[in-house]
Structures are given as C-alpha cells and as structure tokens.
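Engineer:
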Amino acid sequence: GAVVSQHPSRVICKSGTSVKIECRSLDFQATTMFWYRQFPKKSLMLMATSNEGSKATYEQGVEKDKFLINHASLTLSTLTVTSAHPEDSSFYICSADAGAERTDTQYFGPGTRLTVL
Amino acid sequence: QKEVEQDPGPLSVPEGAIVSLNCTYSNSAFQYFMWYRQYSRKGPELLMYTYSSGNKEDGRFTAQVDKSSKYISLFIRDSQPSDSATYLCATSYSSASKIIFGSGTRLSIRP
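These protein sequence lines are chains A and B, in that order.
With the working numbering as the guide, the letters of the first sequence map in order to residues 11 to 127.
With the working numbering as the guide, the letters of the second sequence map in order to residues 16 to 126.
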C-alpha cells in the first residue's frame with residue numbers, strides 16, 4: 011500500500027511555544043492532504059483540507075491562525091500549532107489522497123502525539 | 016443526527032468467533048465506504064474499501080454496503096487476538112473529498 015510518514019511521532023512542549031508537524035507521502039504524489047485530530051477514545055475529526063499550492067480549507071470551528079497549514083509540494087504538508095496550550099494536546103493524523111496512482115482512497119500517516127505542558 | 020453512526024462497544028468475543036461490525040449513515044450521496052483498523056496510539060490502517068453497493072472479500076474480512084438501507088457492515092471470520100483493535104467505519108463522496116468517520120468500535124478477541 012501507499013506509505014505516508016509523519017514527523018515527529020511524539021512531541022512534548024511548553025505552553026506558548028509553536029510546534030511543526032510534517033506529513034510526507036513517500037512513494038506517491040498527493041495533490042490533497044488532510045489533517046485530523048483525535049482525542050483519547052474518540053474518533054478522528056477533520057481539521058482542514060490541504061491542496062498543493064493553495065490555501066487550506068478549514069472545517070468549521072478550527073482556527074486557521076492557530077493551526078497553520080502549508081502544502082508546498084506534492085509530497086509534503088506541514089501543520090504548525092502556534093502558541094500551543096494544554097487543550098491542544100491531542101493525536102494529530104494526516105492523510106494523503108493517492109488519486110489515480112493507487113486504489114481510490116486516502117492513506118493515513120502513523121500520527122503525531124502532541125503533549126503541551 | 017450524526018452523518019455516520021457506529022456503536023462504540025466495547026465488543027468482546029472469543030477467539031475463532033465471527034465478528035460483525037456495523038454502521039449506518041444518513042446521506043445517500045456518499046459513494047465510498049471504508050473500514051479502518053486502529054491500534055492504540057497508531058494511525059488508522061485501511062482494511063477495506065467499497066465503491067457503491069455490494070460485497071467485497073479479502074481473506075478473513077468481508078465488507079458489505081447496502082445503500083438502500085444506508086447500512087455498512089464488516090465481518091471478520093476466524094477472529095484472532097491480533098484482531099483486537101478499534102474499527103472505524105468511514106464514508107466519503109469521492110476519493111479526494113473529506114472522510115467522515117464513525118466513532119469507532121473497540122473490539123477485543125479473547126484467547
């Protein structure tokens with residue numbers, strides 16, 4: 011199957027700092043990537059849709075100035091959590107649309123666990 | 016009403032049993048139906064996907080979609096302890112559109 015990586019896998023930071031999470035499609039090009047957040051024992055909630063070369067589309071209730079998304083190439087999207095607070099602690103997961111290159115669905119990264127102290 | 020409804024469980028069955036996991040959805044415009052398996056502290060892993068109605072089988076796993084009743088099912092035959100995980104049903108309008116997940120069912124297979 012298609013491989014999507016995320017880095018870092020785990021990060022602990024102090025309140026007020028910014029954290030950048032990378033999502034890479036390793037063996038295919040992804041014009042669209044998605045960012046999800048998952049709280050413990052809860053399902054994945056879509057935060058934003060990221061298209062290469064254009065601004066991300068955010069879901070209702072997600073602050074675009076707090077969660078900065080950049081999709082600079084067909085294999086890389088980044089999510090920056092700015093001025094992180096303890097309530098931002100969560101499991102962040104990206105997915106990438108492989109489109110016509112692969113089976114017709116999205117592939118997920120392994121996730122990044124963010125803990126804000 | 017949630018777009019995708021799934022019983023969160025937990026569901027516990029003995030090893031070797033047939034497991035039936037189910038979801039319902041509300042929007043008849045959904046075309047893609049997926050099942051993901053998620054182990055604790057890991058990202059979701061795609062198990063099965065189906066376009067429109069019908070059955071799809073892959074080894075011990077069978078996915079069924081009944082668009083007339085808006086019902087999605089996943090059957091696991093000869094269940095193994097390694098199948099213990101959270102199973103998420105999901106749907107979308109197309110491969111490039113956002114995926115809407117059910118709440119996930121926690122499954123435990125007892126040795």
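Backbone N, C-alpha and C define an ideal beta-carbon position, used for all residues, glycine too.
Remember, it's a predicted structure, so these values are computed and weren't measured experimentally.
In chain B, which residues lie with their C-beta within 7 Å of the C-beta of A/Phe118?
Structural biologist: Within the first sequence, numbered from 1, the residue matching residue 118 of chain A stands at position 108. Near A/Phe118 (Cβ distances below 7 Å), the residues of chain B are Gly58, Pro59.
Engineer: Contact criterion: CB-CB distance below 8 Å. Does B/Ile87 meet it with respect to chain A?
Structural biologist: Reading the second sequence from its first residue, position 72 is the one you call residue 87 of chain B. False, the Cβ-Cβ gap to chain A never drops below 8 Å.
Engineer: How big is the Cα-Cα spacing for A/His95 and A/Ile22?
Structural biologist: On the first sequence, residue 95 of chain A is found 85 positions in, with the first residue counted as 1. On the first sequence, residue 22 of chain A is found 12 positions in, with the first residue counted as 1. Their Cα atoms are separated by approximately 11 Å.
Engineer: Indicate whether B/Leu103 and A/Ser100 have their beta-carbon atoms separated by less than 8 Å.
Structural biologist: The sequence position of residue 103 of chain B within the second sequence is 88, counting from 1. The sequence position of residue 100 of chain A within the first sequence is 90, counting from 1. No, they are not a contact pair.
Engineer: Could you list which residues in chain B have their beta carbon closer than 7 Å to that of A/Gly121, in chain order?
Structural biologist: Residue 121 of chain A sits at position 111 when you count from the first residue of the first sequence. Near A/Gly121 (Cβ distances below 7 Å), the residues of chain B are Lys57, Gly58.
Engineer: At a CB-CB cut-off below 9 Å, which residues of chain B make contact with A/Phe44?
Structural biologist: Numbered from 1 along the first sequence, position 34 holds the residue referred to as residue 44 of chain A. The contacting residues are Lys113, Ile114.
Engineer: Going by C-alpha distance, which of A/Ala12, A/Gly71, A/Thr122 is nearest A/Leu36?
Structural biologist: Counting from 1 along the first sequence, the entry for residue 36 of chain A is found at position 26. Comparing Cα positions, the closest option is A/Ala12.
Engineer: To test your reading of the DSSP string, which unbroken beta strand (DSSP E) runs of 3 or more residues are found completely within the segment 62–125 of chain B?
Structural biologist: Complete beta strand (DSSP E) runs here, min 3: 69–73, 76–81, 86–91, 100–107, 120–125.
Engineer: Could you run through the segment 51–62 of chain A and flag, in chain order, every residue whose CB is less than 9 Å away from some CB of chain B?
Structural biologist: Answer set for the segment 51–62 of chain A: Lys51, Lys52, Ser53, Leu54, Met55, Leu56, Thr59.
Engineer: Since I believe A/Asp107 is in contact with A/Thr42 (beta carbons under 8 Å), could you give me their beta-carbon distance rounded to a whole number of angstroms?
Structural biologist: To locate residue 42 of chain A, count along the first sequence from 1; it is residue 32. To locate residue 107 of chain A, count along the first sequence from 1; it is residue 97. The pair is a contact, with the Cβ atoms about 4 Å apart (cut-off 8 Å).
Engineer: Within the same chain, show all residues whose beta-carbon is closer than 6 Å to that of B/Pro126, passing over the 5 residues directly before and after it, in chain order.
Structural biologist: Residue numbering aside, residue 126 of chain B sits at position 111 when the second sequence is read from its first letter. For B/Pro126, where only same-chain residues beyond five positions count, the Cβ hits under 6 Å are Glu30, Pro96.
Engineer: Got a sec? Which residues, its chain only, sit under 6 Å from B/Ser68 by beta carbon, not counting five neighbours each side?
Structural biologist: Residue mapping note: residue 68 of chain B aligns to position 53 of the second sequence, counting from 1. The answer, listed in chain order, is Val80, Lys82.
Engineer: Given that a residue counts as buried once 16 or more other Cβ atoms are within 10 Å of its Cβ, and exposed if not, what is A/Gly26?
Structural biologist: By 1-based counting over the first sequence, the position of residue 26 of chain A is 16. Classification for A/Gly26: exposed.
Engineer: Could you name the residues of the same chain whose beta carbon sits closer than 7 Å to that of A/Tyr117, not counting the 5 residues immediately before and after it, in chain order?
Structural biologist: For the purposes of this step, residue 117 of chain A is identified with residue 107 of the first sequence, where counting begins at 1. Hits under 7 Å: Gly11, Ala12, Val14, Ser105, Ala106, Ala108.
Engineer: Counting only Cβ pairs nearer than 9 Å, list the residues of chain C close to A/Ile103.
Structural biologist: Given the protein chain composition of this structure (A and B), no chain C is represented.
Engineer: Could you please give me the residues that DSSP links to B/Pro29 through a beta bridge?
Structural biologist: Against the second sequence, residue 29 of chain B aligns to sequence position 14. Answer is B/Arg125, bridged to B/Pro29.
Engineer: Where does B/Ile33 land, buried or exposed, given buried means 16+ other C-beta within 10 angstroms?
Structural biologist: For the purposes of this step, residue 33 of chain B is taken as residue 18 along the second sequence, with counting starting at 1. Exposed.
Engineer: Starting from the beta carbon of A/Thr125, find every residue of chain B whose beta carbon is closer than 8 Å, and list them in chain order.
Structural biologist: Numbered from its first residue, the first sequence carries residue 125 of chain A at position 115. Simply none; closest approach about 12 Å.
Engineer: Using the Cα positions of A/Phe77 and B/Asp93, report the straight-line distance between them to the nearest angstrom.
Structural biologist: One-based indexing of the first sequence puts residue 77 of chain A at position 67. One-based indexing of the second sequence puts residue 93 of chain B at position 78. Cα-Cα distance, rounded: 44 Å.
Engineer: Please list the residues of the segment 63–93 of chain B that have a C-beta atom closer than 8 Å to any C-beta atom in chain A, keeping them in chain order.
Structural biologist: Listed by position, the residues of the segment 63–93 of chain B near chain A (Cβ gap below 8 Å) are Tyr64, Tyr66.
Engineer: Which chain A residues sit within Cβ distance under 9 Å of B/Leu103?
Structural biologist: On the second sequence, residue 103 of chain B is found 88 positions in, with the first residue counted as 1. Going along chain A in sequence order, the residues near B/Leu103 (Cβ under 9 Å) are Ser53, Leu54.
Engineer: Return yes when the Cβ of B/Lys85 is within less than 8 Å of the Cβ of B/Ser41, no when it is not.
Structural biologist: Within the second sequence, the letter at position 26 stands for residue 41 of chain B. Within the second sequence, the letter at position 70 stands for residue 85 of chain B. Cβ distance < 8 Å, so B/Ser41 and B/Lys85 count as in contact.
Engineer: Just tell me which of B/Lys17, B/Ser35, B/Glu60 has its CA closest to the CA of B/Gly24.
Structural biologist: Here residue 24 of chain B refers to the residue found at position 9 when the second sequence is read from its first residue. Measuring from the Cα of B/Gly24, the nearest candidate turns out to be B/Ser35.
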